[in-house]
Amino acid sequence: MIIIPLGTNGFFPSFSRHTACYVIPYKKTLIILDAGSGLFRFAEPEAKKLLKSVDHIDLFLSHYHLDHTFGFYAVFNLFKGKKVTVYGMEERKIFKELMKMNSFPVNYDKVFSNFSWKKLDKEQKVGDYIVKTRKQYHRGEGSLGLRFEFPDKKILSYITDSEPNEESIRFVKGSNLLLHEHEMILKEKEEKMKKLEDFISNGHVTTKGAALIAKEAGVKKLVLIHNNPFAPDEKLESASALASSIFKESHLARDLHPIIF
């Protein structure tokens, strides 16, 4: 199986990197994780061709911050003619509230007529694969950790805007691929962190924290996501090297670079 990062940044786009959006071509379906500005890549040839062979899109939202949902500003145009199911913490019609502020000049119910909205349970079957969720603490609002279990026994876990703890380790245990956020911090600051729960900064798990979770959970591959938008590629590479020194199979997510798992 492959997953294609369309956006690997957190916060805002920079250095040719969009914000959170990852796509898995799966049979006649596209599974999409988050809808940040990376979703706009479906207007471009490389991502647009992924739509040709599918008739349904399953779109999973970890939470509702703009760096994970801004793609809804154009998604209705990009996914015309496709049946789209949006899964999240609630049955929330993303951006509908912006119409009242004159910030989203569309007839919402009309342009989103091919969309349906579903609340995620702790565990549910979607088509022939299983999705498990875990409520995470993030800046008081919360987010969802997502775990996908496929019929061929492949497991993908997606953790962003989270916190480092034993519960997170248990949730991702045995994953073939762990996509995990990482917050880059000063080496001197991270050296003072001792317990797993200490490896958090600005509401995000640190790079070292992500690697420790991957190691303890026995995952096969860790890919670091939610990249710092202020960091050029060379700084991200050094963060990836730090993670690799703790967990050998650590890699850095790059926009439009497919990941095999």
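So for the sequence shown, the UniProt record's numbering puts the first residue at 1; every next one is plus one. C-beta atoms are modelled at their ideal positions from N, C-alpha and C, and glycine is treated no differently.
query: Taking 9 Å as the cut-off, decide whether the C-beta atoms of R41 and H68 are in contact.; result: no
query: S238 lies in the alpha helix (DSSP H); which residues open and close that run?; result: 233-246
query: Distance, Cα to Cα, S143 vs L120?; result: 12 Å
query: Buried or exposed: where does H257 fall if 16 or more other Cβ atoms within 10 Å of its Cβ makes it buried?; result: exposed
query: With a CB to CB cut of under 6 Å and the five nearest residues on each side skipped, what residues in its chain are close to A214?; result: L178, L222, F247
query: If you reduce the DSSP assignment to three classes, tell me which class L120 lands in.; result: coil
query: Evaluate contact between the region 150-164 and the region 76-93, counting only Cβ atoms and requiring at least three cross-stretch pairs below 8 Å.; result: no
query: Tell me, please, which residues DSSP counts as bridged to G88.; result: K119
query: Of all the beta strand (DSSP E) runs that stay within the bounds of the region 35-115, which reach a length of 3 or more residues?; result: 56-60, 83-88
query: If you draw a straight line from the C-alpha of R147 to the C-alpha of K173, how long is it?; result: 10 Å
query: Let me check one thing: in DSSP terms, what residues is K132 bridge-paired to?; result: E123, R147
query: Taking only three categories from DSSP, how would you classify E163?; result: coil
query: Check the DSSP bridge columns for L179 and list the partner residues they point to.; result: Y158, V223
query: What are the boundary residues of the beta strand (DSSP E) that L212 is part of?; result: That residue, L212, is in no beta strand (DSSP E); its alpha helix (DSSP H) goes 207-217.
query: Roughly how many angstroms separate the alpha carbons of N114 and E197, rounded to a whole number?; result: 42 Å
query: Return helix, strand or coil for L256, following the three-state DSSP convention.; result: coil
query: So, at 6 Å on beta carbons, what are the nonlocal neighbours of S157 in its own chain, with the 5 sequence-adjacent residues on each side left out?; result: R147, V172, S175, L178
query: Report the rounded CA-to-CA distance for L61 versus G145, giving the unit in angstroms.; result: 10 Å
query: Thinking C-beta only, is C21 closer than 9 Å to P45?; result: no
query: Which value, in whole angstroms, describes the spacing of the CA atoms of K49 and I260?; result: 19 Å
query: From the DSSP output, in three-state form, read off S14 for me.; result: strand
query: Check the DSSP bridge columns for L33 and list the partner residues they point to.; result: Y22, F60
query: What do you reckon, are the CB atoms on D55 and K82 nearer than 9 Å?; result: yes
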